[in-house]
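Engineer: What follows is a structure written as structure tokens; I'll ask about it next.
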Amino acid sequence: MSVHKKTKSVIASGKLRAQRAKSMKFKDGYMVSSGQPVKEYIDSAVRHVLLRQGVLGIKVKIMLDWDPTGKLGPKTPLPDNVVIHMPKDDVVALPPKEVEEYMPPLVLGDEPLPV
Numbered sequence: 001m002s003v004h005k006k007t008k009s010v011i012a013s014g015k016l017r018a019q020r021a022k023s024m025k026f027k028d029g030y031m032v033s034s035g036q037p038v039k040e041y042i043d044s045a046v047r048h049v050l051l052r053q054g055v056l057g058i059k060v061k062i063m064l065d066w067d068p069t070g071k072l073g074p075k076t077p078l079p080d081n082v083v084i085h086m087p088k089d090d091v092v093a094l095p096p097k098e099v100e101e102y103m104p105p106l107v108l109g110d111e112p113l114p115v
């Protein structure tokens, strides 16, 4: 298989070795099976072969690797890829300045107000 493939899956079903129909599954690697990534990442094919004993069916699924350029695979990354960034340097916070409490001017009834 090609280097740019992440996962392979082959299912052969029908009268393989005996009179009764069986199915054999061969898988290698990690394959997504639901959601939008299936539409973007999975290439699949189904073929039927007519033999003397009966019909043999073969299903092949190949999962492509992520390619940022979009030439060899999907351009969008898988949603389960998690990137952990290094923490930022801590900034030392200064203690708050002491603030004097506001005291309104004391106004007596006999004194005129300043203009």
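Using UniProt numbering, you'd call the opening residue of the sequence shown number 1 and step up by one each time.
All C-beta atoms in this analysis are idealised placements derived from N, C-alpha and C, irrespective of residue type, glycine included.
Here the structure is a predicted model, which is why all the values come from computation and not from measurement.
Let me know the secondary structure DSSP gives residue 25 once reduced to three states.
Structural biologist: In the sequence shown, the residue the question calls residue 25 occupies position 25. Reduced to three states, the DSSP call for residue 25 is strand.
Engineer: Are residue 18 and residue 56 closer than 8 Å when you measure CB to CB?
Structural biologist: Indexing the sequence shown from 1 puts residue 18 at position 18. Indexing the sequence shown from 1 puts residue 56 at position 56. No, they are not a contact pair.
Engineer: Given 8 Å as the limit, is there contact between the segment 23–33 and the segment 56–68, that is, 3 or more CB pairs closer than that?
Structural biologist: Yes: at least three Cβ pairs fall under 8 Å.
Engineer: Bridge partners of residue 48, per DSSP?
Structural biologist: Numbered from its first residue, the sequence shown carries residue 48 at position 48. DSSP lists 57 as partners of residue 48.
Engineer: For residue 116, which residues in the same chain have their Cβ closer than 8 Å to its Cβ, ignoring the five residues on either side in sequence?
Structural biologist: Because the chain here runs from 1 to 115, residue 116 falls outside it and cannot be looked at.
Engineer: Rounding to the nearest angstrom, what Cα-Cα distance links residue 7 and residue 26 in this structure?
Structural biologist: Here residue 7 refers to the residue found at position 7 when the sequence shown is read from its first residue. Here residue 26 refers to the residue found at position 26 when the sequence shown is read from its first residue. Cα to Cα, residue 7 sits roughly 11 Å from residue 26.
Engineer: Please confirm whether residue 76 and residue 40 have their CB atoms less than 8 Å apart.
Structural biologist: What you label residue 76 is simply residue 76 of the sequence shown in a count that begins at 1. What you label residue 40 is simply residue 40 of the sequence shown in a count that begins at 1. In this structure, residue 40 lies closer than 8 Å to residue 76 by Cβ.
Engineer: Less than 8 Å between the CB atoms is what I'm expecting for residue 72 and residue 37, so what's the real figure, rounded?
Structural biologist: As a working note, residue 72 is residue 72 in the sequence shown. As a working note, residue 37 is residue 37 in the sequence shown. Rounded, the Cβ-Cβ distance is 16 Å, inconsistent with contact.
Engineer: With a Cβ-Cβ cutoff of 8 Å, do residue 46 and residue 59 count as a contact?
Structural biologist: Indexing the sequence shown from 1 puts residue 46 at position 46. Indexing the sequence shown from 1 puts residue 59 at position 59. Their beta carbons are under 8 Å apart, which means residue 46 touches residue 59 by this criterion.
Engineer: So, residue 74 versus residue 80, is the Cβ gap smaller than 8 Å?
Structural biologist: Walking along the sequence shown from the start, residue 74 turns up at place 74. Walking along the sequence shown from the start, residue 80 turns up at place 80. For residue 74 and residue 80, no; Cβs fall outside 8 Å.
Engineer: For the ligand COA, is there a heavy atom less than 7 Å away from the beta-carbon of residue 63?
Structural biologist: Here there are no bound small molecules, and the ligand COA is not part of this structure.
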